[in-house]
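Trainee: One structure coming up, written as structure tokens, with questions to follow.
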Amino acid sequence: MKTVMNGDFAASYGAMTSDVKFVAAYPITPQTLIVEKLSELVADGELDASFVKVESEHSAMAACIGAQAAGIRTFTATSSQGLLLMCEVLHWAARARLPIVLANVNRAIAPGWSIWADAQDSISQRDTGWMQVYAENNQDVYDSILMAYKIAEDNDVLLPMMVNLDAFFLSHTSEVVDLIDNDKAKEFLPAYDPEYKLDPNNPRAFGALTSPEHYFEFTYKMFEAMEVAKKKITQVGKEFGDIFGRYYDMTESYKIDDAETVLVTFGTIAGTAKESVDRLRKEGKKVGNLKIRVFRPFPTEQIIDALKNAKRVVVIDRDYSYGNEGAFYTEIKGALYDANLRIDTYGMIAGLGGRDVSTAVIKEIVEKAETSEPNKTYFIGVKR
Amino acid sequence: MNEKKELRLSIPKEEVLQPGHLACQGCGASLAMRYALKALGRDIIVDIPACCWAVIDGPFPYSATNIPIYHTAFETAAAVASGVSNGLKAIGNDHTTVMAWAGDGGTFDIGIQALSGAAERNDDIIYTVYDNEAYMNTGIQRSSATPHGAWTTTTPVKHYRKGWKKDLDSIMVAHGIPYLATASIAYPEDMIKKYLKAQKIKGTKFIHVYAPCPTGWKSDPAMTIHLAKMVVETNIFPLYEVENGKYKINIKPKNRKPLDEYLAMQGRFKHLPQEEIEYLQKTFDEKWEILLKKEEHFG
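If you read the protein sequences in the order shown, they are chains A and G.
Note that the numbering used here numbers the first sequence so that position 285 is 339, with each residue one more than the last.
Note that the numbering used here numbers the second sequence so that position 267 is 268, with each residue one more than the last.
So this is what it looks like as structure tokens:
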């Protein structure tokens, strides 16, 4: 059913279509619409779930950990400072191998207070063991949540997944979203029935003191699970497409076959980049775009494949790893190195704190790359 | 004879806690779990944050309790229990008891926010704090449950703990929860009765168990029960319940014992000058009077 809704509501409906039985959440701008809509859906009986209005994001994730460990499908949503407060328990959820799904509205980190789009929040949680998806539009938000459960709950994966959406550009912007019928969704995503859970009839202790004899292996198993997840994400994206007509993968290439300059983007900037590619091509520039949809696990193979013929790789980061460069930029270079590809790369930091990255800005970025020294980081549009 | 027989029957025979756990000699916290599980049985899920019990139950892949145990982050005991409880209810399980089991540091200090949240929402959990009056698992650092006068590694003798133990019980009563009880491992019948009662009540139940720690208190492991008895006989830790706001003191010592002997049995108090002992005595007596008044007015 096609309807018009903002990105926050798309996340709420994504959780509902996934038939979650438990939600624990704490309000933070611009995530609030997600919890408001979910409260409404639960109150109206449209979503048959328990909604615990916890006193903090830390407790939101802790409560999800408890419920999920007891064998119940859970959902939570947060943003920015809230995600940072969760940090400890994000690690906990991942190491406990709980397939929790979280919608994070990408928002800048204070101080100064900023409620606007910036990926510093989720990038700083990169190493928590969560899979990370960056949505380009509201349909992507909705679909990604449904797929996230399917991927996360796979017995060979069992890792939590974070679906990220840009503050305001998605969270508060209305777009057409095609909602999936509940019965059809259930065929795609069956009821949650984990092999290991808290069960008085089959008592186990989870997460006990672990000596150097075993700890290492638990981490190794997460490495294996992440490797499986790479294949699973592609596979589930195809399966989803075969059923619902919308195909997804870890990356998405746009006009890269003959491109000399390939932009590498994520989130809403990817949408603008595609529009920019079209405009720049009209000016005779051979430009393409590689969207990184999934950042963890990192799609090294797909990236190598997509960038191998490029003359220039221009990575746009809406984040900055203090003391180094954009996080995506570092990782893209790592992938190229793996394949012995020595291509000129450009790290472009843009759009921090919600500053708009328009087609004009992307044009500026391409021109900057064409005229600047490669293998360096540039802050685009910075006022000095 | 009859009375004796009845007492014996009031303690369930089944041992849920098994031998082979990792508690120190004379550990009050291990006895606390033993009695709690005797009362609550096996249809239960327990979550344990960082505390002595994170170790006592045994390292991976062992567990001494043979019930579902979930180890959680330090400040999350109540929130995780809320999640388990509400989650189970969402799928129609109304019978399994959900208990958070935390030390005083995880309860009085770092976990109080999550505990307050769970209590305010009146989530259907039993929250036990086994109180050994300091961070014992990390090596005897002071918590806000450490009593005035006590030595710990962060309140060394020259700088012993000054300031009163946080009155967490009153804070919990102020949340309007349906049931709060204090218990001591020296009174197993009383303790088990309280757990059985808590199990039947819906909502947040808070049980504050006094659990001596010979390692941290520098006391003789053989004297753990004796200390847990004396703390009640001296009115330092009165046994009482608050059910729907109504106070009931379970044991009123006929002749309150002076606290000198209790203090003398513990190395953590041996530096205390006489005037501090007098101050402690006076304050504990005042607190007892307040409790009597609460029972009188809200009984």
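The beta carbon of each residue, even a glycine, is placed where N, CA and C say it ideally should be.
Can you give the Cα-Cα distance for Phe242 (chain A) and Asp125 (chain G), rounded to whole angstroms?
Mentor: Distance between the alpha carbons of Phe242 (chain A) and Asp125 (chain G): 34 Å.
Trainee: Under a CB-based cut-off of 8 Å, is Arg269 (chain G) close to chain A?
Mentor: Not closer than 8 Å to any Cβ of chain A, the Cβ of Arg269 (chain G) fails to qualify, so no.
Trainee: Can you list, in chain order, the stretches of the alpha helix (DSSP H) that have 4 or more residues and sit fully within the segment 2-77 of chain G?
Mentor: Qualifying alpha helix (DSSP H) stretches, in chain order: 3-10, 29-41, 53-57.
Trainee: For the alpha helix (DSSP H) containing Lys345 (chain A), list its first residue and its last residue.
Mentor: Taken as a continuous stretch (DSSP letters only), Lys345 (chain A) belongs to no alpha helix (DSSP H), being part of the beta strand (DSSP E) at 341-346.
Trainee: Jot down the residue ranges of each uninterrupted alpha helix (DSSP H) in the segment 292-339 of chain A, minimum 4 residues, whole runs only, in chain order.
Mentor: 322-336, all fully within the segment 292-339 of chain A.
Trainee: How about Glu111 (chain A) and Met140 (chain A): do their beta carbons lie closer than 8 Å?
Mentor: A contact, by the Cβ cut-off of 8 Å.
Trainee: Please specify which runs of the beta strand (DSSP E), each continuous and at least 3 residues long, are wholly inside the segment 133-180 of chain A, giving them in chain order.
Mentor: With a minimum length of 3 residues, the continuous beta strand (DSSP E) runs that stay inside the segment 133-180 of chain A are 155-160.
Trainee: What three-state label does DSSP hand Phe63 (chain A) in the structure shown?
Mentor: If DSSP states are grouped into helix, strand and coil, Phe63 (chain A) belongs with the helices.
Trainee: I'd like to know whether the C-beta of Pro60 (chain G) is nearer than 8 Å to at least one C-beta of chain A.
Mentor: Interface residue, yes.
Trainee: Starting from Asn87 (chain G), find everything on chain A with Cβ-Cβ shorter than 7 Å and list it in chain order.
Mentor: Those are Phe76, Ser104, Val106, Ala121, listed as they occur along chain A.
Trainee: Just the chain G side, please: which residues come within less than 7 Å of Glu142 (chain A) by C-beta, in chain order?
Mentor: Chain G residues near Glu142 (chain A): Ala74.
Trainee: Note the first and the last residue of the continuous beta strand (DSSP E) segment covering Ser228 (chain A).
Mentor: Residues 228-232.
Trainee: Is there a C-beta anywhere in chain G that falls below 8 Å from the one on Asp247 (chain A)?
Mentor: No, no contact with chain G.
Trainee: Assess, as a yes-or-no matter, whether the segment 289-299 of chain A is touched by the segment 308-319 of chain A under the definition of 3 or more beta carbon pairs within less than 8 Å.
Mentor: No: the two stretches stay apart, fewer than three of their Cβ pairs being nearer than 8 Å.
Trainee: Which partner residues does Thr235 (chain G) have in the DSSP bridge list?
Mentor: In DSSP, Thr235 (chain G) forms no bridge with anything.
Trainee: By how many angstroms is the C-alpha of Met115 (chain A) removed from the C-alpha of Lys328 (chain A)?
Mentor: So the two alpha carbons sit approximately 36 Å from each other.
Trainee: Identify the continuous alpha helix (DSSP H) that holds Ile358 (chain A) and give its terminal residues.
Mentor: Here the alpha helix (DSSP H) through Ile358 (chain A) covers 354-361.
Trainee: Under 8 Å, do Ile215 (chain G) and Glu234 (chain G) count as touching if we go by C-beta distance?
Mentor: The question names Ile, yet the displayed sequence has Pro at residue 215 (chain G). In this structure, Glu234 (chain G) does not lie closer than 8 Å to Pro215 (chain G) by Cβ.
Trainee: Taking its Cβ as the centre, do 16 or more other Cβ atoms sit within 10 Å of Arg347 (chain A), making it buried, or is it exposed?
Mentor: Arg347 (chain A) is buried by the Cβ-count criterion.
Trainee: At the level of alpha carbons, what is the spacing between Pro13 (chain G) and Leu260 (chain G)?
Mentor: Answer to the nearest angstrom: the Cα atoms are 33 Å apart.
Trainee: Quick check on Gly150 (chain G): does DSSP put it in helix, strand or coil?
Mentor: Gly150 (chain G): coil per DSSP, three-state reduction.
Trainee: Note down the Cα distance separating Tyr36 (chain G) from Asp191 (chain G), rounded to an integer number of angstroms.
Mentor: So the two alpha carbons sit approximately 10 Å from each other.
Trainee: Under 7 Å: does the beta carbon of Thr98 (chain G) sit that close to some heavy atom of the ligand ADP?
Mentor: You won't find the ligand ADP in this model; it holds no ligand whatsoever.
Trainee: Does the CB of Gly261 (chain A) have a neighbour CB from chain G at under 8 Å?
Mentor: It does: the Cβ of Gly261 (chain A) has a partner Cβ on chain G nearer than 8 Å.
Trainee: State the DSSP-derived secondary structure class of Gly388 (chain A), mapped to helix, strand or coil.
Mentor: In the structure shown, Gly388 (chain A) sits in a helix (DSSP, three-state: H, G or I).
Trainee: With a threshold of 16 other CB atoms inside 10 Å of the CB of Pro62 (chain G), please say whether the residue is buried or exposed.
Mentor: So Pro62 (chain G) counts as exposed.
Trainee: In this structure, what does DSSP give as the bridge partners for Glu242 (chain G)?
Mentor: Partner(s): G:Ala182, G:Lys249.
Trainee: So what does DSSP say about Ala117 (chain A), is it helix, strand or coil?
Mentor: Correct three-state label for Ala117 (chain A): helix.
Trainee: Mind checking which residues open and close the alpha helix (DSSP H) that includes Tyr203 (chain A)?
Mentor: Its alpha helix (DSSP H) spans residues 192-206.
Trainee: Counting only beta-carbon separations shorter than 8 Å, does Ile386 (chain A) have a partner in chain G?
Mentor: By this cut-off, Ile386 (chain A) is not an interface position.
Trainee: Name the chain G residues whose beta carbon is nearer than 7 Å to that of Arg258 (chain A)?
Mentor: Those within 7 Å of Arg258 (chain A) in chain G are Pro69.
Trainee: Would you verify that the beta carbon of Val56 (chain G) is, or is not, closer than 8 Å to some beta carbon of chain A?
Mentor: Chain A contact via Cβ: present.
Trainee: May I ask you to verify whether the segment 219-237 of chain A touches the segment 259-272 of chain A, counting CB pairs closer than 8 Å and requiring at least 3?
Mentor: In short, these stretches do not touch, since the Cβ pair count stays below three.
Trainee: Just tell me which of G:Ala78, G:Lys295, G:Lys90, G:Pro60 has its CA closest to the CA of Gly125 (chain A).
Mentor: With distances taken between Cα atoms, Gly125 (chain A) lies closest to G:Lys90.
Trainee: Buried or exposed, going by whether 16 or more other CB atoms sit within 10 Å of the CB of Glu262 (chain G)?
Mentor: The residue in question, Glu262 (chain G), is exposed, as its Cβ has fewer than 16 Cβ neighbours within 10 Å.
Trainee: Figure out for me which residue from G:His298, G:Ser31, G:Ile202 has the closest Cα to the Cα of Ser185 (chain G).
Mentor: Considering only alpha carbons, the answer is G:Ser31.
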